[in-house]
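Since the structure comes first, as structure tokens, the remarks are kept for the end.
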Amino acid sequence: MSGESDEHALLVSRLTAFVREKHGGAGNLALYLDDQKMGRERPQRIGGHLPDLYAQDVPRTFVVIGEAKTQSDLISPRSHRQLATFVRYLSLHKAAFFYLAVPFIARPTATKLMRELEAAYGAVGSHILTIDTGY
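Take the sequence shown: its letter number 95 is residue 92 in this note's numbering, and every next letter is one higher.
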């Protein structure tokens, strides 16, 4: 996330809060963020791509990948490859969740993309978070 825009940072922040609220209730959530804060462990690369957020409970019964995309980033070929890699990875797990945080204006594009990815690689528990970023 190094060098990312303020809009992207806001999307990641909201994504993180959502995952903590949805999956952190038992207090055994291991959460890794690509936010460059000192002392915080970053996610591992998956297929050469670094997710904005990776989480699992301990011991592992589910896996979560979260990604934040601005509207312009969402339509790039690199982002399509990255998201496809994450969905394919999650399809290998019994309990897996993928959360894509996008600005409100990008929801139609994100919905279309997620439908295509799930049709190609198998359905995972995906959810699109739309956030009013003011951009």
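Even for Gly, the Cβ is constructed at its ideal location relative to N, Cα and C.
Computed from a prediction, not measured in an experiment: that's the story for all the values here.
query                                                                                                             : result
Neighbour-count burial assignment, residue 109, 16 or more Cβ in a 10 Å radius                                    : exposed
Rounded distance between the beta-carbons of residue 96 and residue 126, thought under 8 angstroms                : 6 angstroms
Residue from 10, 82 and 130 with nearest C-alpha to residue 104                                                   : 130
Outcome for residue 58 when other beta-carbon atoms lying within 10 angstroms are tallied against a minimum of 16 : exposed
Contact the segment 47 to 58 vs the segment 5 to 19: 3+ CB pairs below 8 angstroms                                : yes
CA-to-CA distance, residue 93 to residue 61, given in whole angstroms                                             : 6 angstroms
Spatial distance of residue 121 from residue 83 (CA atoms)                                                        : 10 angstroms
When 31, 23, 27 and 24 are compared against residue 9, the one with the closest alpha-carbon                      : 31
Given residue 113 as reference, the closest of 102, 77 and 91 once Cα atoms are compared                          : 77
In DSSP terms, what residue 54 is bridged to                                                                      : 26
Beta-carbon spacing of residue 28, residue 39 below 8 angstroms                                                   : no
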